[in-house]
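Numbering (my numbering), first residue to last: 279 to 542.
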């Protein structure tokens with residue numbers, strides 16, 4: 279058992295698991311050592327003899343296991359305990375993801391993401407509730423790998439009838455043992471984009487093309503990212519320019535900057 283616990287303490291991925299193994303192993307060693315000295319060595323040298331105390335020595339081991347259970351939640355960790363504390367302190371739209379990027383907790387502020395019922399997100403993959411975005415995916419991968427601790431990105435949530443464009447902050451959550459336990463996503467609807475869209479009466483697709491255009495992507499790159507033809511992109515751009523009363527990308531950049539809309 280000691281050998282198995284030692285190997286486990288060396289191979290465990292989290293600090294909690296390593297601590298559990300060390301506490302349990304220490305309790306076993308103390309129990310066995312005291313029992314060996316009192317029950318074997320002392321009678322051997324006629325120091326003194328005492329009644330069988332095996333149950334008491336075993337109690338030391340049990341205490342070690344109990345200590346590990348209470349202090350480290352012995353082999354059972356629930357990020358929900360952490361998420362409830364976080365959610366109670368934040369009054370914006372918040373999602374808590376596990377390390378597999380599955381939503382495990384969420385809250386819903388009436389002032390944010392009004393067309394999306396975030397309470398239905400629990401159990402869904404984050405990629406299933408947002409539009410595909412290679413930049414966001416790469417940042418998530420870096421976060422999970424421990425290369426970064428947080429990032430800010432424009433995330434588009436899939437809604438009905440309309441998708442919602444948000445300015446989102448994504449952070450890694452570490453527990454008191456220093457283990458990476460969850461991902462915190464705090465999202466706020468992009469008010470600038472919302473006003474811009476309503477003012478010029480742009481469609482969701484046109485907004486996507488505007489954002490990609492001001493980000494410097496060519497029409498071919500935009501067509502690939504949106505899985506549409508280059509001609510369709512050009513048609514959308516012409517419609518956008520006509521609605522806005524402008525003629526080119528430079529003027530588009532000037533107008534979007536007035537609405538405080540930044541490139542993706």
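For each residue, glycine too, the CB sits at the ideal point set by N, CA and C.
Neighbour-count burial assignment, residue i, 16 or more Cβ in a 10 Å radius
i, result
"residue 309", "buried"
"residue 435", "buried"
"residue 299", "buried"
"residue 475", "buried"
"residue 454", "exposed"
"residue 375", "buried"
"residue 354", "Since pLDDT at residue 354 reaches only 48, below the 50 mark, its modelled position is unreliable, and no value is offered."
Proximity winner among the options, relative to residue i (alpha-carbon distances)
i, options, result
"residue 485", "497, 514 and 382", "514"
"residue 410", "401, 520 and 441", "441"
"residue 526", "499, 537 and 491", "491"
"residue 493", "473, 407 and 534", "534"
"residue 437", "408, 463 and 505", "408"
"residue 506", "520, 516 and 483", "483"
"residue 472", "311, 537 and 503", "537"
"residue 531", "489, 503 and 520", "489"
Proximal residues to residue i (C-beta, below 6 Å), its chain only, five neighbours per side dropped
i, result
"residue 426", "420"
"residue 428", "449"
"residue 400", "381"
Coil, strand or helix - residue i by DSSP
i, result
"residue 404", "helix"
"residue 415", "helix"
"residue 540", "coil"
"residue 423", "coil"
"residue 355", "Confidence at residue 355 is low in this model, with a pLDDT of 48, below 50, so its placement is unreliable and no value can be given for it."
"residue 399", "coil"
"residue 467", "strand"
"residue 492", "helix"
"residue 374", "strand"
"residue 249", "Look at the range of the chain in this structure, 279 to 542, and you will see that residue 249 is not part of it."
"residue 430", "strand"
Residue i and residue j closer than 9 Å at C-beta
i, j, result
"residue 377", "residue 447", "no"
"residue 487", "residue 511", "yes"
"residue 481", "residue 465", "no"
"residue 372", "residue 404", "no"
"residue 450", "residue 433", "no"
"residue 522", "residue 452", "no"
"residue 470", "residue 518", "no"
"residue 293", "residue 424", "no"
Neighbourhood of residue i by C-beta distance below 8 Å, restricted to the same chain and skipping five residues each side
i, result
"residue 402", "380 and 381"
"residue 468", "432, 443, 444, 445 and 539"
"residue 396", "371, 373, 384, 385 and 386"
"residue 417", "426, 429, 431 and 448"
7 Å Cβ shell around residue i - same chain, five flanking residues per side excluded
i, result
"residue 508", "497, 498 and 501"
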